[in-house]
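With numbering that gives the first Met the number 0 as the guide, the letters of the sequence shown map in order to residues 0 to 135. We put the CB at the ideal spot given by N, CA and C, even for glycine. Working notes for the structure below.
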Amino acid sequence: MDSRTIALLLVAVAAFSLLRIISQWRGMSRRRRGIDWDEHFIQQLRKAGVSAFEDHAVEFFFTVPGRTACEQLAAVLRADGYSIDIRQNPGSGDFSLDAQRSMRLAVPEMQALRVRFAELAARYGATYDNWAVATK
Numbered sequence: 000m001d002s003r004t005i006a007l008l009l010v011a012v013a014a015f016s017l018l019r020i021i022s023q024w025r026g027m028s029r030r031r032r033g034i035d036w037d038e039h040f041i042q043q044l045r046k047a048g049v050s051a052f053e054d055h056a057v058e059f060f061f062t063v064p065g066r067t068a069c070e071q072l073a074a075v076l077r078a079d080g081y082s083i084d085i086r087q088n089p090g091s092g093d094f095s096l097d098a099q100r101s102m103r104l105a106v107p108e109m110q111a112l113r114v115r116f117a118e119l120a121a122r123y124g125a126t127y128d129n130w131a132v133a134t135k
C-alpha cells in the first residue's frame, strides 16, 4: 500500500469513529431525558387508530386521603368544566376522584394539565394518577 491509500484509510476510520461517538452521545442524551408519558401514550393511541384531532372523553384520576379534601378538589375541577365521579375505597378509606372532560389529545395541552393537576393534588394532599381515554 502506498502512503496515499493509508492516509485515505485513516481518514475514513477517523470519520467512522467520529460518527460512532456522536451517535452514542445522542443516544445517551435521549435516555437521560427520559420518556414523556403523555407524548408516548398519545403516540400509541394514534398508532391504534385514535384520531387526536377529534374530541374524546378523557378521564383524569386522583387519589385523595379524605372526604373534605376530595370535595374541595372536586369543586375546583367542576368549576373548570369537568364532570366528577367520587368513590371511596373501603379497604384504605381513601377516595378515588375521576374528572372527565371532552377534549382533543394534544401533547402540549396534556403536559400542561399534568403539571397543573400535580400542583392541585399537592395542594389538597392528593395524588394525581394520570389520565386515560374513557371507554364508551
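Fill in: Three-state class that DSSP yields for LEU44 in the structure shown
helix
Discussion item. By the DSSP assignment, the alpha helix (DSSP H) with PHE116 in it spans what residues?
Written reply: 106–122
Worksheet item: According to the neighbour-count rule (16 or more other Cβ atoms, all chains shown, within 10 Å of its Cβ), is TRP36 buried or exposed?
Response: exposed
Worksheet entry | Cα-Cα separation between ASP93 and SER50, rounded to whole angstroms | 35 Å
Discussion item. Please classify MET0 as buried or exposed, where buried requires at least 16 neighbouring CB atoms within 10 angstroms.
Written reply: exposed
Worksheet item: Which same chain residues, not among the five before or five after HIS55, have their C-beta less than 8 Å away from its C-beta?
Response: VAL49, SER101, MET102, ARG103, LEU104, VAL132, ALA133
Worksheet item: Taking the C-alpha atoms as reference points, what is the distance between GLY90 and ASP79?
Response: 31 Å
Item to complete: Quickly, what does DSSP pair ARG100 with across the bridge? List them, please.
Response: VAL57
Item to complete: Spatial neighbours of LEU44 within its chain, please: CB distance less than 8 Å, with the 5 preceding and 5 following residues excluded, ordered by chain position.
Response: ALA51, LEU104, VAL132
Worksheet item: At which residues does the beta strand (DSSP E) containing ALA131 begin and terminate?
Response: 126–132
Worksheet entry | Same chain, Cβ closer than 7 Å to THR126, neighbours up to 5 away in sequence not counted | PHE61, THR62, ALA120
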